[in-house]
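Chains Y and L, in that order, give the protein sequences.
Add 32 to the 1-based position in the first sequence for the working numbering, that's all there is to it.
Add 2 to the 1-based position in the second sequence for the working numbering, that's all there is to it.
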Amino acid sequence: MMTEGLIVNHYEAVAVILSGIGLTNLLLQRNLIKKIIGLNIMDTAVYLFLAAKGYVAGRAAPIIQNGVTAAEAYVNPIPSVTAFALSLTLRLYEAYGTLNIDEAFARMRAERRREEGRS
Amino acid sequence: MTEMVGALAYNVPFFSIFLALLAAIAAPLLPRASRAAERMTLAVILLVGAMSAHLLADLAATGRSFTFMMGHFPAPWGNELRAGPLEALLALVFCVSMGLSLLGNTGSTEEDISKERRYLYFVMINLLLSSLLALVYTNDIFTAYVFIEINTIAACAIVAAKDCSETIRAALRYLVMSLVGSGLVLISICLIYDLTGHLLMQHMHASIAELISAGRHTRSLTVSLVLMTVGLAIKSALYPFGSWLPDAHGNATNASSAILSGLVLKGHIFLIVKIFYRVFGTDAVRLLHIDSVLLIFGLAAMIMGSLNALRQTNLKRMIAWSSVAQVGYIFLGIGLNTAVGVAAACLHIIVHAIVKPMLFTAAGGLISASMHNKELHALKGAFYRNRWAGVGLISGVCSMIGIPTFAGFASKLSLALASFESPAILQGLLALALSTLLNALYYVPAAITILTPQAQAAPSLRAPKPAHSLSYSVAMTAFLALNFFLGLFYNPVMRVIERGLSVLG
């Protein structure tokens, strides 16, 4: 029963696994570039899920030419988020010389301690 | 329904969002050397605020609501906005709070953000305003997702606007947590869309009610509601998910801290309320036990936020941690899942949207009068160096503790009364009492510190600079007036909220 459901819905199953991989990477990777790659995997999994759910064999794309209905106006904000995350990462790298978020944190603390020592 | 609302009021939701988006696009085109972008942003906020007030006046008296069709496709295919008394009230409060936060912190914004890049800050502020208005008004859950993403980018950008290594790190952390949150929301939207075949809230509601009464797909519905709630709880910094907040709010420039604490969290909390009322329905939420889970998280947040605030020696971080506790209050009301409980939560959203920006603005004034040192010990006697800020901080403190005649009293009273009418009476009242005590434990010493005259002030501190400009005193006066207004005349506000909630479902 369980495996049968997984085989019938294999696209959805893959999407769930992919989004799990993405989420784990996003949360647990300490390297920021890998974190952002995790984010992209997670979002791609969502697209796969949507496509798998929307696809019906033998039917055309749901675009009605002369009719009255239209699908949701679909805006994809993901690329810009990635670009923004990457640019922030670049700034962090300039500031601390590391892509590791823990290391950046340690360096920040050391910096703060030095400042406190001075004042 | 629509012909009963005036033509102007009918178009307010769309034009509010559109105007803010237009202002975001127009800001880079203005002359960059002058303060044109800032003036235009304030003008747009004023205009949107006036339009929201008109809409509120039209809707509040009768408690009507209407939907606005976006584009040429009618429901269930097209995109819709919806406005009722509660939406109009929140839009008005958001505009007032944002305008005053910008006005009161012009000085520190100028210090923290270089002149060539200041127009970009106002691009982000306008985007933030448009996304908040869209979260308030949208009737379409996918539009909500799109504006959550716009909100994420704008909110992280205004944290990173003060260009130092600490804010970049805080912004990056905020961004990662926000993306986890919005990713979960997106997955949840896909699941619900798959189950119901709709994206407009009232149509989703009808399908979900059908599924629940037939007992089908209950597990999938639970999963999607959990994902949605957790995603939005991360964005609204509910306690265990809000670890990004103190860094982001404590390090950003003052205007950003005020806007993030006062407004950005509230947009997402209101979206949770909308999803509970308009998509799932409060009965389904109770059936799936999500409200009880939120209640527990809310109670934990009230205590843990205050305990963490108690440990801070940095004034801005202390105020930031107190936001975590205040978000807990709001989730307590939502978790009670009764009409009075959610109404009290909405009142607390409004109260906190006024009081927290006031506290951040006051803290900013005190800090800049103390050689930009945010540590509490450096703020000794700061009251006498910037009296406007001192008065603001002390009344903010009174409000946060919940002293009568201050705004915080009204919402705490309503929350306590709401707990009385629920099964969670003991937990609710205990947490309220304990949290109030803890609030007093960290806020009162802070107030005493700034009131203690400094025995031998450093020469640079002794000569009080004219730190408060005209805009600072105007903003602070307005904050104080609103604080007292909400503390003394909260009944009409509460009536509008109750009317709005009754037509929300």
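Even for Gly, the Cβ is constructed at its ideal location relative to N, Cα and C.
Listed in chain order, the non-local C-beta contacts of L91/L below 6 Å within the same chain comprise L58 and V498, local neighbours out to five positions each way being set aside.
Note that the C-beta distance between V46/L and N128/L is below 8 Å. By the C-beta density criterion, S116/L is exposed, having fewer than 16 other C-beta atoms within 10 angstroms. For V178/L, the C-beta contacts it makes with chain Y under 7 Å involve L58 and K67, in order along the chain.
Excluding residues up to 5 positions away in sequence, G264, L265, A355, I356 and P359 lie with their Cβ nearer than 7 Å to the Cβ of S99/L in the same chain. M373/L counts as exposed, since fewer than 16 other C-beta atoms from the protein chains shown sit within 10 angstroms of its C-beta. For M373/L, the secondary structure class from DSSP, reduced to helix, strand or coil, is coil. Close CB contacts of M179/L within its chain, under the 7 Å cut and outside five residues either way in sequence, are with I236 and W246 (chain order). In the DSSP assignment, F272/L falls within the alpha helix (DSSP H) that extends over L267 to K276. By the rule that beta-carbons nearer than 8 Å mark a contact, V40/Y does not touch chain L. Secondary structure note for F70/L: its beta strand (DSSP E) is the uninterrupted segment F68 to M72. With the criterion set as a beta carbon lying under 9 Å from some beta carbon of chain Y, the members of the segment 196-228 of chain L are D196 and L201, in sequence order. Contact between the segment 154-163 of chain L and the segment 290-303 of chain L is absent: fewer than three C-beta pairs spanning the two stretches fall below 8 Å. The three-state reading of DSSP puts L506/L in helix, counting H, G and I together. Among the residues of chain Y, none has a CB under 9 Å from the CB of G183/L; the nearest is roughly 11 Å distant. Contact annotation, A84/Y with A47/Y: C-beta distance approximately 6 Å; criterion of less than 8 Å satisfied. In chain order, Y147 place their CB closer than 7 Å to the CB of L188/L, counting only its own chain and leaving out the 5 sequence neighbours on each side.
Under the three-state reduction of DSSP, D165/L is assigned to coil, being neither helix nor strand.
Not a single C-beta of chain L is nearer than 8 Å to the C-beta of L131/Y. In the DSSP annotation of this structure, the continuous segment of the alpha helix (DSSP H) that includes E44/Y starts and ends at H42 to L60. For a Cβ distance threshold of 8 Å, residue set G185 and L188 of chain L lies close to D75/Y, ordered along the chain. Boundaries for A85/L: no alpha helix (DSSP H) harbours it, while the beta strand (DSSP E) harbouring it runs N81 to A85, taken from the DSSP string.
Interface annotation for the segment 164-177 of chain L against chain Y: S167, E168, I170, R171, A173, L174 and L177, criterion Cβ-Cβ distance under 7 Å. Within the segment 295-364 of chain L, complete alpha helix (DSSP H) segments of at least 4 residues are found at 317-338, given in chain order. Take the alpha-carbon of V182/L and the one of A77/Y: they are about 14 Å apart. Counting only Cβ-Cβ distances below 7 Å, Y128/Y has contacts in chain L at S167, in chain order. When DSSP states are grouped into helix, strand and coil, T76/Y belongs to the helix group. Scanning chain L for C-beta atoms nearer than 7 Å to the C-beta of A136/Y yields R171, reported in chain order.
In the DSSP assignment, T140/L forms a beta bridge with L83/L.
DSSP links N63/Y through a beta bridge to N132/Y. Boundaries of the alpha helix (DSSP H) around K414/L: A409 to F422.
Residue environment for E89/L: buried (at least 16 other C-beta atoms within 10 angstroms of its C-beta). Here the segment 63-71 of chain L does not lie against the segment 189-201 of chain L, with fewer than 3 beta-carbon pairs under 8 Å apart.
Exclusion of the five residues before and after I27/L leaves no residue of its chain whose Cβ lies closer than 7 Å to its Cβ. Scanning chain L for C-beta atoms nearer than 7 Å to the C-beta of T121/Y yields L174, reported in chain order. Of the other Cβ atoms in all chains shown, fewer than 16 fall within 10 Å of the Cβ of R145/Y; this residue is therefore exposed.
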